[in-house]
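1 is the number of the first residue of the sequence shown in the numbering used here; add one for each residue after it. Built from N, CA and C at the ideal position, the CB exists for glycine as well. Take a look at the structure set out below.
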Amino acid sequence: MSALSPNLLVALLGCAIPLIGCSGDGVDPGGGNMDSGVATDGSSSPTDGSSDTPSDSGTGGAFALTSPTITAGGTIPLTHVCTSKGGINLSPELAWTNPPAGTQSFAVIFYDKDNGNNGMFFHCSIYDIAGTATGLPADVDKLYAPADVPGAHTTPSFSNSRGWNGPCPPAVHNYEFTIFALGTATAPGTTMATTNQQLYDAINGVALGTAKLTASFTP
1 MSALSPNLLV
11 ALLGCAIPLI
21 GCSGDGVDPG
31 GGNMDSGVAT
41 DGSSSPTDGS
51 SDTPSDSGTG
61 GAFALTSPTI
71 TAGGTIPLTH
81 VCTSKGGINL
91 SPELAWTNPP
101 AGTQSFAVIF
111 YDKDNGNNGM
121 FFHCSIYDIA
131 GTATGLPADV
141 DKLYAPADVP
151 GAHTTPSFSN
161 SRGWNGPCPP
171 AVHNYEFTIF
181 ALGTATAPGT
191 TMATTNQQLY
201 DAINGVALGT
211 AKLTASFTP
């Protein structure tokens, strides 16, 4: 066999080198498709900037008002009803959860939905409840400044007494507790002489949020 000429040897080497790694068909040396989002170890590699780490939505439940003795839509027990209807006239224990961010105080107003103007016959209210509070104890002191709810104040009730004044209807009536979350440490413009209506007018519409508990009583 005759020796290969220099020019023929160069041509043969040029054809062999692409077989090692000079592909032009979009296949990389690692065996994966270029820009496919699949890494050379076979694992998935995100290409859209997304992450598999779950995000915290930061949302809590709704502002809610409950009582261990009064079920929403249920019947108010005699413990909380006026004495002339066979009751004891003690205020119920209340609890609330998930108040709005920025709450600095609370006010609770209790009213008859089937009496008075616009279905709101006010019975009694307590306000300037600390923004850190999560409820009210049962049988709150019937004073302007009840000692068992430090810092709070009460309005005169519909019978002009202080503190709780429970249901006392001639027939079945529906009643509602409304709690107002306020962005101020005290209810605006209130004094010892502030009435239920005046308190409602001062805080309704400016509260950060409200929650309600509705129940009925049949004498």
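Can at least three beta-carbon pairs, one atom from the stretch 86-103 and one from the stretch 161-174, be found at a separation below 8 Å? With the rule of 3 Cβ pairs closer than 8 Å, the stretch 86-103 counts as touching the stretch 161-174.
The stretch 63-82 contacting the stretch 198-217, beta-carbon criterion three pairs below 8 Å: Yes: the two stretches touch, three or more of their Cβ pairs being nearer than 8 Å.
Considering only their Cβ atoms, is the gap separating residue 147 from residue 139 smaller than 9 Å? Numbered from 1 along the sequence shown, position 139 holds the residue referred to as residue 139. Numbered from 1 along the sequence shown, position 147 holds the residue referred to as residue 147. No, the Cβ-Cβ distance between residue 139 and residue 147 is not below 9 Å.
Determine, using beta carbons only, whether residue 190 and residue 128 come nearer to each other than 9 Å. As a position in the sequence shown, residue 190 is number 190, starting the count at 1. As a position in the sequence shown, residue 128 is number 128, starting the count at 1. In this structure, residue 128 lies closer than 9 Å to residue 190 by Cβ.
Under 7 Å Cβ to Cβ from residue 220, same chain only, skipping five residues before and after it: list those, please. A query on residue 220 cannot be resolved here, the shown segment of the chain reaching from 1 to 219 and no further.
Can you check whether the CB of residue 183 is closer than 9 Å to the CB of residue 102? Here residue 102 corresponds to residue number 102 of the sequence shown, with the count starting at 1. Here residue 183 corresponds to residue number 183 of the sequence shown, with the count starting at 1. The Cβ-Cβ distance between residue 102 and residue 183 falls below 9 Å.
Would you check if the distance between the CB atom of residue 217 and the CB atom of residue 106 is smaller than 9 Å? Taking the sequence shown and counting its residues from 1, one reaches residue 217 at position 217. Taking the sequence shown and counting its residues from 1, one reaches residue 106 at position 106. Cβ atoms of residue 217 and residue 106: not closer than 9 Å.
How is the beta strand (DSSP E) around residue 65 delimited, first residue to last? Within the sequence shown, the letter at position 65 stands for residue 65. 64-66 is the span of the beta strand (DSSP E), which, as asked, contains residue 65.
Would residue 109 and residue 178 be called neighbours here (beta carbons separated by less than 9 Å)? Mapped onto the sequence shown, residue 109 falls at position 109. Mapped onto the sequence shown, residue 178 falls at position 178. Cβ distance < 9 Å, so residue 109 and residue 178 count as in contact.
I need the boundaries of the alpha helix (DSSP H) containing residue 203, first residue and last residue. Reading the sequence shown from its first residue, position 203 is the one you call residue 203. That run of the alpha helix (DSSP H) goes 196-203.
Tell me whether residue 85 sits in a helix, a strand or coil according to DSSP, three-state version. Position 85 of the sequence shown, counted from the start, is the residue given in the question as residue 85. Looking at residue 85 - three-state DSSP - the assignment turns out to be helix.
Going by the CB atoms, is the gap between residue 186 and residue 155 shorter than 9 Å? Taking the sequence shown and counting its residues from 1, the one referred to as residue 155 is at position 155. Taking the sequence shown and counting its residues from 1, the one referred to as residue 186 is at position 186. Not closer than 9 Å, so no.
Just to confirm the assignment, what range does the beta strand (DSSP E) spanning residue 95 have? Translated into the one-based positions of the sequence shown, residue 95 becomes position 95. Element bounds for residue 95: 94-97.
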